[in-house]
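Asker:
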Amino acid sequence: MKFVFFGAPGAGKGTMAARAAESFGLPHISTGEIFRAAMRAGTPLGLRVKAVIESGGLVSDELTVGLVRERLAEPDAAGGWLLDGFPRTMAQAEALAGFCPEDYVIDLEVSDAKVVERLSGRRMCRGCGRSFHIHLMPPAVAGVCDDCGGELYVRDDDAESAVRSRLENYYRQTAPLVDFYKRRGTLVAVDGEGRADEVWAVLRERMRGLIESGKA
Ligand code: AMP
């Protein structure tokens with residue numbers, strides 16, 4: 001089954017998509033993580049997107065759509081996928097609907113206050129990309145990833161000025177997609193305000209129901 005994880009920066013898309021990938025055996029495809037991995041490795045893609053990402057802007061539709069299209073054509077995505085952070089613009093949503101239509105869009109609803117609280121304490125693993133929070137989801141050992149032992153760092157685009165610009169982009173370019181997906185009948189709203197375990201408990205049952213009814 002094909003799921004899009006949708007929501008503001010800090011809504012919990014990455015955390016929930018990672019749990020869902022593990023539970024339901026679907027590949028977790030995060031455009032932000034693909035870009036960050038390319039930046040870490042210093043590839044031509046990484047060098048091309050670095051400045052725009054660090055300032056909190058959006059990578060071009062052409063580049064992002066091309067990348068996702070290629071990724072979804074890989075064998076592990078043939079049986080379904082979880083997209084996290086894509087689509088973020090109407091052009092991306094229309095492109096996806098054309099080449100690989102989603103079954104459901106999980107819309108993680110959170111308040112602006114929660115977004116700011118989450119992003120300001122977020123720490124990311126340099127090794128595997130897993131995210132933590134210094135208060136809400138702390139690692140067992142400060143500064144060290146529970147999964148791979150990698151070093152935790154603050155994303156450049158979690159700096160206050162970049163967060164403001166990411167939220168502006170979200171409201172201007174991404175939030176309007178809610179209506180697009182409502183019209184397609186694929187939007188599933190989930191309250192994303194609670195702690196990760198609470199949100200996941202509700203989401204897991206919703207997804208399980210959707211997957212079961214899809215098989216029927
Ligand atoms: P994320 O990890 O999803 O918050 O993405 C981090 C950054 O990568 C974003 O702030 C954008 O600069 C860029 N990015 C990720 N996904 C997209 C997308 N679908 N379209 C354009 N830029 C993106």
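Start counting the sequence shown at 1; every next residue gets the next number (our numbering). Cβ coordinates follow ideal geometry from the N, Cα and C atoms, glycine included.
1) Strictly by DSSP, which residues pair up with D107?
2) Using C-beta distances below 6 angstroms, list every residue in its chain close to D84, excluding the 5 sequence neighbours before and after it, in chain order.
3) Measuring straight from C-alpha to C-alpha, what distance separates Y153 and P139?
4) From what residue to what residue does the beta strand (DSSP E) around L83 run?
5) State the beta-bridge partners of E151 as determined by DSSP.
6) If you draw a straight line from the C-alpha of S161 to the C-alpha of P176, how long is it?
7) Quick one: Cα of R184 to Cα of A38, how far?
8) Output the boundary residues of the alpha helix (DSSP H) element that contains M39.
9) Flag this pair as touching only if the stretch 203-215 and the stretch 116-135 have three or more C-beta atom pairs under 8 angstroms; answer yes or no.
10) On the DSSP bridge list, what partners appear for M137?
11) Report the CB separation of V199 from G192 in whole angstroms; it is logged as a contact under 8 angstroms.
12) Using a Cβ-Cβ cutoff of less than 7 angstroms, which residues in the same chain neighbour W81 once the five nearest sequence positions on both sides are dropped?
13) Is the distance from the Cβ of E105 to the Cβ of T174 below 8 angstroms?
14) Can you name, in chain order, every residue of its own chain whose Cβ lies under 6 angstroms from the Cβ of F180, other than the five neighbours on each side?
Answerer: Based on what the coordinates show:
1) To locate residue 107, count along the sequence shown from 1; it is residue 107. Its beta-bridge partners are F6, A189.
2) On the sequence shown, position 84 is the one that residue 84 refers to. Answer for D84: F5, K13, G14, A17, S30, listed in chain order.
3) Against the sequence shown, residue 153 aligns to sequence position 153. Against the sequence shown, residue 139 aligns to sequence position 139. Between the alpha carbons of Y153 and P139 lies a distance of about 12 angstroms.
4) Residue 83 sits at position 83 when you count from the first residue of the sequence shown. Here the beta strand (DSSP E) through L83 covers 81-84.
5) Position 151 of the sequence shown, counting from 1, holds the residue named residue 151. For E151, which the question treats as bridged, DSSP gives the partners V144.
6) In the sequence shown, counting from the first residue as 1, residue 161 sits at position 161. In the sequence shown, counting from the first residue as 1, residue 176 sits at position 176. If I take the Cα positions, the gap works out to 23 angstroms.
7) Looking up residue 184 in the sequence shown gives position 184. Looking up residue 38 in the sequence shown gives position 38. Roughly 33 angstroms separates the two Cα atoms.
8) Taking the first residue of the sequence shown as 1, we reach residue 39 at position 39. Here the alpha helix (DSSP H) through M39 covers 31-41.
9) no
10) In the sequence shown, residue 137 corresponds to position 137, counting from 1. Per DSSP, the beta-bridge partners of M137 are H133.
11) Mapped onto the sequence shown, residue 199 falls at position 199. Mapped onto the sequence shown, residue 192 falls at position 192. Between V199 and G192 a beta carbon distance of about 5 angstroms is seen, short of the 8 angstroms cut, so the two are scored as contacting.
12) Residue mapping note: residue 81 aligns to position 81 of the sequence shown, counting from 1. Only K2, L26, P27, I29, L72 meet the Cβ criterion.
13) Your numbering for residue 105 matches position 105 in the sequence shown. Your numbering for residue 174 matches position 174 in the sequence shown. Residue identity differs from the one stated: residue 105 is Val in this sequence, not Glu. No, the pair does not count as a contact, with Cβ atoms beyond the cut-off.
14) For this step, residue 180 is matched to residue 180 along the sequence shown. Around F180: A93.
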